[in-house]
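Working notes, structure below.
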Amino acid sequence: MAADPTHRAIEAVFRIERARLIAGLARMTRDVGRAEELAQEALLAALTDWPKSGVPDRPGAWLMAAGKRRAIDGLRRAAMQERKHAEIARERDDERCMSIEMIEAEIDDDLGDELLGLIFAACHPVITPEARAALTLRLVGGLSVEEIARAFLSNEAAIAARITRAKKAIAKAGVAFEVPRGQALAPRLASVLEVIYLIFNEGYAATSGPDLMRPPLCAEAQRLGRILAGLMPAEPEVLGLLALMEIQASRLPARVGPGGALVPLPKQDRSRWDQLLIRRGLTALARAEALGGGDGPYALQAALGACHARARRAEDTDWRRIAGLYDRLRAVMPSPVVELNRAVAHSMAFGPEAGLALVDAIADEAMLRSYAPLPAARGDFLLRAGRNAEAKAAFEAAAALAGNARERDFLLARAASCVGNRG
Amino acid sequence: MRVMVFVKATEDSEQGMTPSPELEQMFVDMGKFNEELVNAGILVAGDGLKPSSFGKRVAFDGPSRTVIDGPFAETRELVAGYWLWEVKDMDEAVEWVKRCPNPMLGPSEIEIRPLYEMEDFADLIPPEAAAIHDGVGEKLAKR
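These protein sequences, in sequence, are chains F and R.
Residue numbers for the first sequence follow our numbering, beginning at 154 and rising by one.
Residue numbers for the second sequence follow our numbering, beginning at 80 and rising by one.
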């Protein structure tokens, strides 16, 4: 089937329309599983009709009409069985909206609200962030269960079960397929942004598995971010997240060295950074800041990325600006990891003693007590301050906490390099 | 994958733009189409190009460099505008192009060309050469 050009064209049209189709059908049936089935039935109808009649002028409206007609047939059958007259009366009302012209008008009026509604439903806080990510990739991204399983290094059965559970939880909670209004919007939007960034990070910094990065997930997260920025152009944190992802993704070509090892930022070949993505990121960040969102957690993280992106060479990095951004970030996103990064930034801007003072202030945080990067950063500050013996001890302490052999070897090598110098 | 989408020039587009109700309508339609591309998350970049009478060519032959002023004769091979899209595959790119409103007042053509991706280069050129290549692209982008 896939080899036939007409069928391939129909399937490409379907892929383009699928998310909006499911969104419209889910809003009508209030059942995302049913909406997916109806969308699939609409595709089958197109595969039968279009090779004979040609692709219609408004394929999206055609598919939506086909799906909605089937939804009503289903409702009618259910109603006939139960002889619920009220239900039948309601269908007649629905039926009036079934002509293609009406649906076309509806689609022209719809400024993407239906798709947004689907995104907000799939990212609803009643389900876990991992399940939200899988459901969003399936419904909005159009990825197959197999593709999602591969991306999350899981098996198909587990992902399929996760998606099914998520759909049931959404149905049980009676989640509306709409964009929340007023005070409800902020926490729900935060949940959407969390999911998109989780998908991005899953692609950007894979925590396990043979390849360290899975760029297709990054591309999908960026696409979701661009969709959201297109549909919610006045939300600064949407633009902040988009800026953050575009700038981080600009480094993908420089991030893996020969043999597949990660290349740390200062050692990256900056000529390999994607300047188009950097420009897009800086533009989105400027828009977020112009909307008064410069102090949002995503916008601040994007601004940090922008400092690196602007530096032509690692030694040109504006560390004072970065230190200042971390001072602001810790106010809106307090976390021990932010504190540690802040200490590193201050050490680069104001000298190793400044870093040491900050890192010693957080060393007792429960979350950081077995966190290897903390003693590793301390070791680095001490070494730069010429206190080699203390630096050696710090690197050894870090090595003892290291999560994998490669990291441990690296830290032990740093410890060994401290001998024979001053201190 | 990324594709470059070229709007090919026509006799009319080579004359430059003269204000008319048709042209105005085309701008409105094209604006709507661009908005759709943005909302679908596929538009990465795009612009319209001035007629080739504003352009120049440099001809290469061994050590010689000859500058040729526009306009250029082979109108149908000239480019009047471009987009850079991020799409799943060529089929999807074709379907999006079909939705484009007529880009010119008369008959015209749009050409879709996939970009080389990192994977395509992996076996072709050594990393150092790829880095130099990227460096050149970056300097162009910086201008």
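Cβ coordinates follow ideal geometry from the N, Cα and C atoms, glycine included.
These numbers were taken from a predicted model, which means no experiment stands behind them.
Looking only at its own chain, which residues have a Cβ that is under 6 Å from the Cβ of residue i, when we skip the five neighbours before and after it?
| i | result |
| --- | --- |
| A149/F | Nothing about residue 149/F can be read from this structure; chain F reaches only from 154 to 576. |
| R192/R | M83 |
| L122/R | L116 |
| T182/F | A188 and A224 |
| S296/F | The question names Ser, but residue 296/F is Leu in the sequence shown. So the qualifying residues of the chain are L290. |
| D422/F | A407 |
| S132/R | G149 and P150 |
| F534/F | S500, P505, G508 and L509 |
| G134/R | G149 |
| I280/F | A319 and A322 |
| L511/F | A496 and H499 |
| A275/F | L288, T289 and L292 |
| E188/R | K87 |
What residues match up with residue i in a beta bridge as DSSP calls it?
| i | result |
| --- | --- |
| E165/R | R81/R |
| P450/F | BP columns for P450/F are empty, so no partner. |
| D126/R | Y161/R |
| A218/F | In the DSSP output, where bridge partners are listed per residue, A218/F has none listed. |
| T182/F | Beta-bridge pairing links T182/F to no other residue. |
| S143/R | D140/R |
| D148/R | K135/R |
| I189/R | V86/R |
State buried or exposed for residue i, treating a residue as buried only when at least 16 other CB atoms are found within 10 Å of its CB.
| i | result |
| --- | --- |
| N118/R | buried |
| Y195/R | exposed |
| L269/F | buried |
| I147/R | exposed |
| Q375/F | buried |
| A553/F | exposed |
| P389/F | buried |
| L102/R | exposed |
| T97/R | exposed |
| T89/R | buried |
| S92/R | buried |
| I140/R | Rather than Ile, the amino acid found at residue 140/R in this sequence is Asp. Exposed, because fewer than 16 other Cβ atoms sit within 10 Å of the Cβ of D140/R. |
| K420/F | exposed |
| E373/F | buried |
| E190/R | exposed |
| D126/R | exposed |
| D168/R | exposed |
| P142/R | exposed |
| M233/F | exposed |
| G556/F | exposed |
| F106/R | exposed |
| A569/F | exposed |
| P186/R | exposed |
| P182/R | buried |
| R559/F | exposed |
| G120/R | buried |
| Q336/F | exposed |
| P100/R | exposed |
| P411/F | exposed |
Between which residues of its own chain and residue i is the CB-CB distance below 8 Å, once the five residues before and five after are set aside?
| i | result |
| --- | --- |
| T159/F | W203 and P204 |
| L453/F | G393, G447, L478, R481, L482, V485 and M486 |
| N308/F | A302 |
| A199/F | I163, V166, F167, P212, W215, L216 and A219 |
So, under 8 Å CB-CB, residue i and residue j are touching, yes? Tell me the CB distance rounded to an integer number of Å.
| i | j | result |
| --- | --- | --- |
| L177/F | E267/F | According to the sequence displayed, residue 177/F carries Gly and not Leu. Right, their Cβ atoms sit about 5 Å apart. |
| L351/F | P282/F | 6 Å |
| A316/F | A286/F | Before going on, a small fix: residue 316/F reads as Ile here, not Ala. Their Cβ separation, rounded to whole angstroms, is 10 Å, which puts I316/F and A286/F out of contact at 8 Å. |
| I438/F | A387/F | For the record, residue 438/F in the displayed sequence is Leu; it is not Ile. Not confirmed; about 15 Å, so no contact. |
| L174/F | A192/F | 5 Å |
| F85/R | R178/R | Actually they are not in contact, since the Cβ atoms of F85/R and R178/R sit about 17 Å apart, beyond 8 Å. |
In its own chain, which residues sit with a C-beta less than 7 Å from the C-beta of residue i, not counting the 5 before and 5 after it?
| i | result |
| --- | --- |
| V332/F | D266, L269, G270 and F273 |
| A324/F | D184 |
| G378/F | I349, L394, L395 and M398 |
| G532/F | A544, A547, F548, A551 and R567 |
| A172/F | L268, L271, L292, V293 and G295 |
| L457/F | I475 and L478 |
| S403/F | W426, D427, L430, I431, G434 and A462 |
| L196/F | F167 |
| G95/R | P130 |
| L565/F | A552 |
| P209/F | W215 |
| D108/R | P180 |
Taking 8 Å as the cut-off, does the CB of residue i come closer than this to any heavy atom belonging to the ligand MG?
| i | result |
| --- | --- |
| E506/F | Although the ligand MG was asked about, the structure shown includes no ligands whatsoever. |
Unbroken stretches of the alpha helix (DSSP H), 4 residues or longer, contained in the region 396-447 of chain F: 428-443
4 or more residues per run - each alpha helix (DSSP H) lying fully within the region 529-558 of chain F: 541-554
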